[in-house]
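Asker:
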Amino acid sequence: MHTLKVGYPGNLLIDGEFTNSNTKEENSFLKVLKWKFSKNPQRAEKKKENYKVATIPNYNFINSDQNMIVWLGHSTFYIQIDNVKILTDPVFFDLPFIKRKTELPLASENLINIEYLLLSHGHRDHFDVPSLKVVLANNPSVKILGPLNISTLFNEINYKGEIQEAGWYQQFKSDRVDFIFLPAKHWHRRGLNDFNKVLWGSFYIKGKNKSIYFAGDTAYGKHFKEIQKTVPHIDYCLMPIGAYKPSFLMNLFHVNPEEAYKAYQELHAKYFIPMHYGTFDLSDEPMGEPEREIRKFFQKQGSPEHLLIEPIGKEILI
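Anchor point for the sequence shown: position 246 equals 246 in the UniProt record's numbering, and the numbering is continuous, going up by one each time.
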């Protein structure tokens with residue numbers, strides 16, 4: 001597999017665990033306990049808020065031949081570029097102990113003819129076994145692209161099809177559209193004994209005339225400037241904006257809206273499409289705060305037309 005960044009030595013393993021840098025990652029279990037036993041200062045505001053992301057029922061986009069991006073909630077996107085159908089981090093249902101707050105625009109089994117399934121990492125709100133079973137049952141020829149060791153998670157599904165794994169700055173083998181796996185500042189855990197055993201990352205998708213960056217889950221870091229040096233042209237930046245409070249814990253894994261905007265600027269992207277908000281209640285901030293905050297930053301910079309916030313199911317033609 002081709003590595004694009006000249007001189008990049010590959011992802012470092014320390015004691016069998018992937019890292020974000022050259023030191024072993026902190027296990028944040030104690031910070032999680034601190035959060036669970038701390039009072040949320042925005043609890044009353046959060047309880048009072050009446051916010052819900054709108055969904056437009058739409059069964060038509062799956063049969064269209066136009067280049068488009070369709071948000072399906074959280075970090076799940078349907079992307080069509082140069083007649084290649086792509087799905088990212090599919091999560092269609094409730095998560096364990098966390099209810100989904102939004103509807104899908106179509107029945108999940110109607111997502112058919114998907115050629116590439118992109119998986120950014122193994123957390124349960126991105127790698128959801130029931131959702132993956134639906135995708136694989138209705139798209140038996142789909143090619144799965146993901147980080148190093150992601151195939152180990154498919155033991156839960158008993159899937160024997162094609163899975164390509166990549167480290168950061170590596171290009172997957174593909175037809176008609178290019179896929180490059182890039183860094184993110186995050187971590188992995190699904191069970192008690194698998195801390196950072198699976199890599200995490202982001203994707204660059206390049207067609208003939210359009211390019212898309214899918215950030216996965218990430219904290220803010222120097223990797224955004226490094227990514228820009230490797231892929232200097234990004235038309236559409238799909239960036240998380242939610243799950244950032246309390247900051248003493250969440251800033252280890254997630255950007256807040258201000259950091260998301262800064263990352264978008266450092267990537268030199270043209271358009272910003274937010275994700276990872278409004279679908280699941282994962283943190284302390286009110287559900288509508290991420291959208292309100294990211295709108296403020298684009299208004300302040302005088303470029304609201306570069307922020308593309310649409311209902312779930314609405315086609316963004318590219």
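All C-beta atoms in this analysis are idealised placements derived from N, C-alpha and C, irrespective of residue type, glycine included.
If you compare alpha carbons, which of D125, L119 and K160 is closest to A166?
Answerer: Comparing Cα positions, the closest option is L119.
Asker: State the Cα-Cα distance for the pair S174 and W35, rounded to the nearest angstrom.
Answerer: Cα to Cα, S174 sits roughly 43 Å from W35.
Asker: Taking the straight line between their C-alpha atoms, what separation do you get for L136 and D128?
Answerer: Cα-Cα distance, rounded: 12 Å.
Asker: I believe G278 touches K99 by the beta-carbon criterion, under 8 Å. Please report the beta-carbon distance rounded to the nearest angstrom.
Answerer: About 13 Å separates the two Cβ atoms, so there is no contact after all.
Asker: Ignoring anything shorter than 4 residues or poking outside the stretch 192-253, list the alpha helix (DSSP H) runs there in chain order.
Answerer: Listed in chain order, the complete alpha helix (DSSP H) runs (minimum 4 residues) inside the stretch 192-253 are 223-230 and 247-250.
Asker: Using a Cβ-Cβ cut-off of 7 Å (strictly less than) and excluding sequence neighbours within five positions of L132, which residues of its own chain qualify?
Answerer: Excluding sequence neighbours, L132 sits near P90 and I157.
Asker: Is F127 helix, strand or coil by DSSP?
Answerer: Reduced to three states, the DSSP call for F127 is coil.
Asker: I309 and P286: beta carbons closer than 8 Å?
Answerer: In this structure, P286 does not lie closer than 8 Å to I309 by Cβ.
Asker: Among residues of its own chain, excluding the 5 on either side of K24, which ones have a beta-carbon nearer than 6 Å to its beta-carbon?
Answerer: I14.
Asker: Since I believe G216 is in contact with H74 (beta carbons under 8 Å), could you give me their beta-carbon distance rounded to a whole number of angstroms?
Answerer: The Cβ separation is near 12 Å, so there is no contact.
Asker: Would you say the stretch 253-262 touches the stretch 218-229, given that touching needs at least three Cβ pairs under 8 Å?
Answerer: Yes: the two stretches touch, three or more of their Cβ pairs being nearer than 8 Å.
Asker: Is there a Cβ of chain C sitting closer than 8 Å to that of K262, yes or no?
Answerer: In the structure shown, chain C cannot be found, because there is only a single protein chain.
Asker: Using C-beta distances below 8 Å, list every residue in its chain close to A54, excluding the 5 sequence neighbours before and after it, in chain order.
Answerer: Excluding positions up to five away in sequence, the list reads P311 and I312.
Asker: Per DSSP, what are the beta-bridge partners of L13 in this structure?
Answerer: Answer is F18, bridged to L13.
Asker: Just how far apart, CA to CA, sit V142 and A44?
Answerer: So the two alpha carbons sit approximately 45 Å from each other.
Asker: Closer than 8 Å is the cut-off here; do at least three beta carbon pairs connect the stretch 265-272 with the stretch 233-244?
Answerer: These segments touch.
Asker: Report the start-end ranges of each alpha helix (DSSP H) in the stretch 269-318 that is 4 residues or longer and not cut off at the edges.
Answerer: Qualifying alpha helix (DSSP H) stretches, in chain order: 289-300.
Asker: Looking at the unbroken alpha helix (DSSP H) that takes in A54, where does it start and where does it end?
Answerer: No alpha helix (DSSP H) contains A54, which DSSP labels as neither H nor E.
Asker: For A184, which three-state DSSP category applies?
Answerer: Three-state result, A184: coil.
Asker: Rounded C-beta distance between L153 and F179? I'm assuming under 8 Å.
Answerer: L153 to F179, Cβ: 19 Å. No contact.
Asker: Taking C-alpha atoms, which residue in L199, P183, E315 and I150 lies nearest to L267?
Answerer: Minimum Cα distance to L267 is reached at P183.
Asker: Between H233 and the rest of its own chain, which residues show a CB-CB distance below 7 Å, the 5 nearest in sequence each way excluded?
Answerer: Closer than 7 Å at the Cβ level, and outside the excluded window around H233, lie S211.
Asker: If you draw a straight line from the alpha carbon of Y244 to that of F280, how long is it in whole angstroms?
Answerer: Going by the C-alpha atoms only, they are around 13 Å apart.
Asker: Closest by CA to F248, which one among D284, L117 and N22?
Answerer: Nearest C-alpha to F248: D284.
Asker: Per the DSSP calculation, A166 is bridged to which residue(s)?
Answerer: Its beta-bridge partners are P147.
Asker: How would you write the range of the beta strand (DSSP E) that Y8 sits in, first residue to last?
Answerer: That residue, Y8, is in no beta strand (DSSP E); it is neither H nor E in DSSP.
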